[in-house]
DNA sequence: TTTAAACACACAAACGTTTGCGCAATTTTA
DNA sequence: TAAAATTGCGCAAACGTTTGTGTGTTTAAA
């Protein structure tokens, strides 16, 4: 019953040959005779031999494991993203060690410790919406293990990241509304800690400038993505002296909450008040009240890109240890109209 | 720049003491003097020393890692589940190695190989909807690494699993409809490979028996969960000689597809035709057409239970290697009425 | 003062691999 | 036929830990 997992030592003993020969035989090393080679391979097969990755990792100082830290898989954005990551990671021979921060900084730090203990070769991380201090990232830098930031990127220089072009996405969203003759457009933006929040704002501003319209900063409110803060922001917009006919929200969840609140206030959503948001949830077409358009950010593709980037960093690392080069990928977003 | 990660050997050298002393000092071993102990710990702190889990795992023949294989994180059921798993796993000091099978058997097998290579201490798996052969699970059994099946469990004896009481959930669902005077109830069931499919059927039968009503097998159709097959099943039900006034579907996604199809056929969903389903997606209240009730399966809780079970197995393993005991947990489901 | 504990530490083996080097036996070349 | 090259394999070190056993001091008991 309690058979131990077979080792190459075991195989060596049974075949009366040395461990090194077994090792080489299993790797098809040219200096091993065909006869012993097949002998070894057959026995290995028979015993269900599977190399011990721990031993290999120790010896090679490489674990073929990448860490992935995301805020939470419950958001479809992130679950798609991790699928993209996993796909290319596995293709390249890496396994993913996963962790969810649940937007808790302490948890984020703790996860990073675990990842370090487990000697992940690299890390992909989408930071907490509250992360303001970045020392825990410095640790990784010092330890010389590459980090790719993903979607939610910190306000640091000298980092690798892949993100979505929120600015242009926002411009598309605003322009779409402007074409629809909307002149008073509210915005429920995200937490100020996120660069994506700033980008939304900038996009709004630039879109207005491009159309030679004046940007009214009193029309944009920040929220922390909680239902309550969304309600509050919505309320403020609804009672604004310039009553908006359309609102751009940080993402679809925010939009849903805002629409809920507006409906309660007897506002006829999608008639008197339009919403445009981000993420473009797959569920959108099935919703009762839905944003009229949503900025698609291609999370799966972003995940793939991030993983590709990391793998590349992992390979370049061997040659140039002193490189100060940093990869930055910004993928395009598109406005998807749901009519 | 390219500083190597510090090791206890490094610490030992700098302090001119032996490796073993450093190791024990870091573990607060009583046989180390207070002076050296603090000396070591301070230096370790200063160097950002983090023990190399690979070396530890090799030495202890234990990785403190558990594998989790799920069909796909895009379904909120599974993303909740993995959150539950991760929560207790982390609490107990384990890290999770994650993989998605995407309902592909080959991928499932491949993932299990990877997990074996990485010497996970245990495995939690929710099998593919197509998995019919079970040899790859035998490997794990032989290797003596515990497996906990989760939600989608194979039709095997001598396994550990946690699942949801689908039978009673179904009975609740059917009873609810019967109370609403529905007498012709259709069922769009899942793939026959899943036990959960059989349980739904049995639940239907038993609920009818309990109410002294005749069960009509011609009212239940199987589908493979794809949109097309759902449409087909719906079509068959709609053209059934006994036209159903309510349909129980395998899960909310199936319900959504079925409702979509029915709507296209000019059926007034939720008036002429009611739906009841399973999973109880968080999005449900926001949908345009939604099942009138859905069986909540508490995926997060199930995940927690599964992880707890695995951890327990991991601990018992030390003492009784020959135990043939198997844990089975069946958690209750509830019918949530959405009115 | 002698003897026995108690203390604080060092040595070395082991976990399962990979890999540079060495060495004998065989084959090829001169 | 002798020298050189090739073939096929073994030895041993190394990766970073943990831990059983040994050993030299100091302290306490007799």
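Residue numbers (the numbering used here), protein chains in the order written: chain U, 5 to 343; chain F, 5 to 343.
Backbone N, C-alpha and C define an ideal beta-carbon position, used for all residues, glycine too.
From the beta carbon of residue 18/F, is the nearest beta carbon of chain U less than 8 Å away?
no
Hey, does residue 122/U have any beta-carbon neighbour from chain F nearer than 8 Å?
yes
Quick one: residues in its chain with C-beta nearer than 6 Å to the C-beta of residue 246/F, no 5 flanking neighbours on either side, listed in chain order?
188
So, is the C-beta of residue 27/U closer than 8 Å to a C-beta in chain F?
no
I want to see whether chain U comes within less than 8 Å of residue 150/F, judged by CB atoms only; does it?
no
Going by other Cβ atoms of all chains shown within 10 Å of its Cβ, with 16 needed for buried, is residue 90/F buried or exposed?
buried
Starting from the C-beta of residue 167/F, find all residues in its chain whose C-beta is less than 7 Å away, skip the five residues before and the five after it, and write them out in chain order.
Once the five neighbours on either side are set aside, the close Cβ partners of residue 167/F are 155, 157 and 334.
What is the rounded straight-line gap between the Cα of residue 22/F and the Cα of residue 46/F?
16 Å
Within the continuous alpha helix (DSSP H) that includes residue 180/U, where are the two ends?
170-183
Is residue 185/U buried or exposed, if buried means 16 or more other CB atoms sit within 10 Å of its CB?
It counts as exposed.
Using a Cβ-Cβ cut-off of 7 Å (strictly less than) and excluding sequence neighbours within five positions of residue 289/F, which residues of its own chain qualify?
Hits under 7 Å: 342.
Could you have a look at residue 341/F and say whether DSSP puts it in helix, strand or coil?
strand
In this structure, does DSSP put residue 101/U in helix, strand or coil?
strand
Does any residue of chain U bring its CB to less than 8 Å from the CB of residue 35/F?
Chain U places no beta carbon closer than 8 Å to that of residue 35/F, leaving this residue out of the contacts.
What residues match up with residue 297/F in a beta bridge as DSSP calls it?
280/F and 341/F
Report yes or no: do three or more beta-carbon pairs, one from the stretch 78-94 of chain F and one from the stretch 29-36 of chain U, lie closer than 8 Å?
no
What beta strand (DSSP E) runs, 3 residues minimum, are completely inside the stretch 183-233 of chain F?
For secondary structure counted as the beta strand (DSSP E) over 3 or more consecutive residues, the stretch 183-233 of chain F holds these complete runs in sequence order: 189-193 and 224-226.
What residues from chain U crowd round residue 56/F, counting only those whose CB sits closer than 8 Å?
62, 121 and 123
Between residue 143/U and chain F, is there a C-beta pair that is closer than 8 Å?
Yes, because at least one Cβ of chain F sits closer than 8 Å to the Cβ of residue 143/U.
List the endpoints of the continuous alpha helix (DSSP H) containing residue 25/F.
23-30
Look up residue 332/U in the DSSP assignment and give the residues it is bridged to.
165/U
Would you give the residue range spanned by the beta strand (DSSP E) that residue 127/U belongs to?
From DSSP, the beta strand (DSSP E) with residue 127/U extends over 126-129.
Using the three-state DSSP reduction, which class does residue 144/U fall into: helix, strand or coil?
helix
Reducing DSSP to helix, strand and coil, say where residue 285/F ends up.
coil
Contact check, residue 140/F vs residue 57/U under 8 Å by CB: the rounded distance?
Actually they do not touch by this definition, with Cβ atoms about 18 Å apart.
Anything in chain F within Cβ reach of residue 67/U, meaning under 8 Å, just list it in chain order.
58
Excluding the five sequence neighbours on either side, which residues of its own chain have a C-beta within less than 6 Å of the C-beta of residue 112/U, listed in chain order?
105 and 132
Can a CB atom of chain U be found closer than 8 Å to the CB of residue 260/F?
yes
Anything in chain U within Cβ reach of residue 191/F, meaning under 8 Å, just list it in chain order.
Correct list: empty, because the minimum Cβ distance to chain U is about 22 Å.
Using a Cβ-Cβ cutoff of less than 7 Å, which residues in the same chain neighbour residue 59/F once the five nearest sequence positions on both sides are dropped?
Closer than 7 Å at the Cβ level, and outside the excluded window around residue 59/F, lies no residue.
For residue 193/U, does the count of other Cβ atoms within 10 angstroms reach 16, so buried, or fall short, so exposed?
Burial call: buried.
Could you name the residues of the stretch 275-289 of chain U whose beta carbon sits closer than 7 Å to any beta carbon of chain F, in the order they occur along the chain?
287
In three-state terms, what does DSSP make of residue 76/F?
coil
Please say whether residue 80/F and residue 295/F have beta carbons closer to each other than 8 Å?
no
Do you know offhand how far residue 309/F's Cα is from residue 330/U's?
Each residue's Cα considered, the two are about 43 Å apart.
Measuring only the C-alpha atoms, how far is residue 9/U from residue 52/U?
Their Cα atoms are separated by approximately 8 Å.
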